[in-house]
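First comes the structure, then the notes that go with it.
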Amino acid sequence: MNLMKEDFNFSEEKFADLQMLRYRLNGFENLSLQQKSLIFCLSKAAVFGRDITFDQQGKYNLTIRKVIEAIYVNADQTSRNQNDFSSLEVYLKRVWFSSGIYHHYGCEKFLPEFSEDFFREQVVRLDDSVLPLRKGQTKQQLIDELVPVMFDPTVLPKRVNQTDGEDLILTSACNFYEGVNQKEVEEFYAQKKLPQDEQPSWGLNSKLVKQNNQLIEQVWKVDGMYGSAIKQIVFWLNKALEYTENEQQKTVLQKLITYYNTGDLHDFDDYSIAWVAQQEGVVDTINGFIEVYGDPLGLKGTWEGIVEYVDEVATARTRTIANNAQWFEDHSPVDPRFRKPEVKGVSAQVICAAMLGGDEYPASAIGINLPNANWIRSTYGSKSVTIGNLTEAYTKAAHGNGFTQEFVIDEPTRELIEKYGDVCDDLHTDLHECLGHGSGRLLPGTDPDALKAYGNTMEEARADLFGLYYIADHKLVELGLTPNDEAYKSQYYTYLMNGLITQLVRIKPGLNIEEAHMRNRALIAYWVLEQGNGCVEIVHRDHKTYVKINDYKQLRVLFGKLLAEVQRIKSEGDFDAARELVEKYAVKVDPVLHKEVLDRYAKLNIAPYKGFINPKMTPVYDVHRQLTDIVLDYSESFAEQNLRYSKEYGTL
Numbered sequence: 008m009n010l011m012k013e014d015f016n017f018s019e020e021k022f023a024d025l026q027m028l029r030y031r032l033n034g035f036e037n038l039s040l041q042q043k044s045l046i047f048c049l050s051k052a053a054v055f056g057r058d059i060t061f062d063q064q065g066k067y068n069l070t071i072r073k074v075i076e077a078i079y080v081n082a083d084q085t086s087r088n089q090n091d092f093s094s095l096e097v098y099l100k101r102v103w104f105s106s107g108i109y110h111h112y113g114c115e116k117f118l119p120e121f122s123e124d125f126f127r128e129q130v131v132r133l134d135d136s137v138l139p140l141r142k143g144q145t146k147q148q149l150i151d152e153l154v155p156v157m158f159d160p161t162v163l164p165k166r167v168n169q170t171d172g173e174d175l176i177l178t179s180a181c182n183f184y185e186g187v188n189q190k191e192v193e194e195f196y197a198q199k200k201l202p203q204d205e206q207p208s209w210g211l212n213s214k215l216v217k218q219n220n221q222l223i224e225q226v227w228k229v230d231g232m233y234g235s236a237i238k239q240i241v242f243w244l245n246k247a248l249e250y251t252e253n254e255q256q257k258t259v260l261q262k263l264i265t266y267y268n269t270g271d272l273h274d275f276d277d278y279s280i281a282w283v284a285q286q287e288g289v290v291d292t293i294n295g296f297i298e299v300y301g302d303p304l305g306l307k308g309t310w311e312g313i314v315e316y317v318d319e320v321a322t323a324r325t326r327t328i329a330n331n332a333q334w335f336e337d338h339s340p341v342d343p344r345f346r347k348p349e350v351k352g353v354s355a356q357v358i359c360a361a362m363l364g365g366d367e368y369p370a371s372a373i374g375i376n377l378p379n380a381n382w383i384r385s386t387y388g389s390k391s392v393t394i395g396n397l398t399e400a401y402t403k404a405a406h407g408n409g410f411t412q413e414f415v416i417d418e419p420t421r422e423l424i425e426k427y428g429d430v431c432d433d434l435h436t437d438l439h440e441c442l443g444h445g446s447g448r449l450l451p452g453t454d455p456d457a458l459k460a461y462g463n464t465m466e467e468a469r470a471d472l473f474g475l476y477y478i479a480d481h482k483l484v485e486l487g488l489t490p491n492d493e494a495y496k497s498q499y500y501t502y503l504m505n506g507l508i509t510q511l512v513r514i515k516p517g518l519n520i521e522e523a524h525m526r527n528r529a530l531i532a533y534w535v536l537e538q539g540n541g542c543v544e545i546v547h548r549d550h551k552t553y554v555k556i557n558d559y560k561q562l563r564v565l566f567g568k569l570l571a572e573v574q575r576i577k578s579e580g581d582f583d584a585a586r587e588l589v590e591k592y593a594v595k596v597d598p599v600l601h602k603e604v605l606d607r608y609a610k611l612n613i614a615p616y617k618g619f620i621n622p623k624m625t626p627v628y629d630v631h632r633q634l635t636d637i638v639l640d641y642s643e644s645f646a647e648q649n650l651r652y653s654k655e656y657g658t659l
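For the sequence shown, my numbering assigns the number 8 to the initial residue and increments by one for each residue that follows.
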């Protein structure tokens, strides 16, 4: 079903604190059959890792998902008419959304709102053949195993724990370690590191377990852990080779296949270097164990897949930024010792997402900068994308929802945001991804993992500060990226409003800030609030709290000062300074303000989190069984899609 632009429905159902959106594949119909076929094959590879992500997020996730799906599909009408069944349906959708039983953003376990008795009764009614029973396991044993994990708030309560002073491995439910503690993990990988800069991201693609009192890495590869899923990914990557647009693209996919076969992280680096160098062609993919936010120590990569194609018109913006990368680096407010004397290989594009998978589905990033290895960035550069059609969906869905009217301090500021907000949001994302993550350098001998549990937060703060500092620079007006020297103020206001006030809607009462991006925003916002001598303040009007900015120019000075310090911390590997910044500014929540914000937000009836339903792609063949087209269908519901994914892409 190809919908005209004016007919496209971006907003879909809401449940819990979540809203589903659809994203449009703009210009897909204008791609060649070869490009569409390439996208189709890569999309299959991007979804076949789904079960891996579920398992990585918690060792019981897959079993729970399969049991709840079996109840959902096989329940009789009497059961379906009960309130408990409606609650089970919401719980299942949350499990699909979060790739498990832990909130995708806050990492805390969400509990069922159906009764334990209802769950037990429903499982007992099911035929053994539809349940994920292990060999020799009885139905009652399955129930007894899952009930405490699902219903007891004290059992495995948090997927990623970042609480200072606790053993972050023993208190995190993510499935990257078994039988080991934090000290053992840190010592194990410290021994692997060589006295040189060019070394792999040790531990990125393995589970570390203790067997017979020995620490062993169970490597994720074709003939290793997750092999049945990885074989399917490799199968579709091989099929994609038939449709590549050029030889370089083919070489990159071949190197990715080699890495999946060997599990050797040197092969992953080899692939990453080739991927950065691949600049020709419209279609691209990210597929693998990439981001380390799901590991409290920032070592293990959660599996993700995304397929994309270039938005040529919008890419003119990011290309301008990339072409001036050296200017931005040279004029950075950081100590010259921490700047790159020569910026290499920076490329940036605005792309259309064609398929989201694994850790990018259904909640996805809107900007990506890879690879993550510092030495590859320094020597070979990086590739950055801003995902334009996802940003479009967010913007369209948010239009007229009353958010700015409730939380922005006055009408002139609202008008500023209305006029410049969208362009500056996109631009800040571009600066963050294209240049922020790729800027600066580590001093020789600095361990890239020196900041440990604080590394992700400090890296996101560094990239955000880079964007905040430069979005106010007149250079952007000269380059035609901002319309005038006032537009940046819209970004400064919305960023601080988010960091100080509105991101609190994403946190449950009584909890601290855990997620790295949220910590980064709080760190920046509360630091400038304290250090700013009144250039920004929190004010109260009519019993409501607002952000008030009194001196935008001084704010830029402060952003530059903090950027210099954050870069120093990263470049020198100053763990104690990172810990002090994060713990002082980025963790604690004011309970009185929190309650106020939640109450105000609740009246707007807006879901604080958004995720996406993928388009369904169907090959079309003629009477001679020759492929003639790939057709898009945007009508599949979230439940229909995930039940289909479990059936068609279930591998573990």
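Built from N, CA and C at the ideal position, the CB exists for glycine as well.
- Going by C-alpha positions, residue 15 is about 48 Å away from residue 216.
- Residues 427, 430, 484 of the same chain have their beta carbon placed closer than 8 Å to that of residue 490, with the five preceding and five following residues left out of the count.
- Scanning 461, 153, 118, 284 for the CA closest to the CA of residue 127 turns up 153.
- Cβ neighbours of residue 185 within its own chain (closer than 6 Å, five residues either side excluded): 216.
- Rounded to the nearest angstrom, the gap between the Cα atoms of residue 299 and residue 306 is 6 Å.
- Beta bridge pairing from DSSP links residue 225 with 214.
- In the structure shown, residue 626 adopts extended strand secondary structure according to DSSP, grouped into three states.
- Of 455, 77, 30, 148, the smallest CA-CA separation from residue 132 is found for 77.
- Exposure of residue 450 is indicated by the presence of fewer than 16 other C-beta atoms within 10 angstroms of its C-beta.
- Just measuring C-alpha positions, the residue of 130, 235, 19 sitting nearest residue 657 is 235.
- Assignment of residue 376 by DSSP, reduced to helix, strand and coil, places it in the strand class.
- Annotated three-state conformation of residue 360 is strand, per DSSP.
- Note that the region 342-352 does not touch the region 171-182; fewer than 3 beta-carbon pairs, one per stretch, sit closer than 8 Å.
- Per the C-alpha coordinates, the member of 150, 268, 534 positioned closest to residue 124 is 150.
- When secondary structure is reduced to three states using DSSP, residue 594 falls in the coil class, being assigned neither helix nor strand.
- For residue 558, same chain residues with a beta-carbon under 6 Å away, outside a window of 5 residues either side, are 542 in chain order.
- The bridge partners DSSP lists for residue 640 are 623.
- In the DSSP assignment, residue 291 is bridged to 315.
- Taken atom to atom, the span from the alpha-carbon of residue 413 to that of residue 544 is near 18 Å.
- Put simply, the backbone Cα of residue 208 is about 43 Å away from that of residue 553.
- Taking a C-beta distance under 8 Å as the contact criterion, residue 303 and residue 404 do not qualify as a contact pair.
- Of the candidates 93, 597, 334, 93 places its Cα closest to the Cα of residue 121.
- Under the Cβ criterion (8 Å, minimum of three pairs), the region 610-627 counts as touching the region 22-33.
- Residue 575 is positioned such that its CB atom lies closer than 8 Å to that of residue 342.
- The Cβ atoms of residue 521 and residue 113 lie closer than 8 Å to each other.
- Between residue 268 and residue 228, the alpha-carbon positions lie close to 6 Å from each other.
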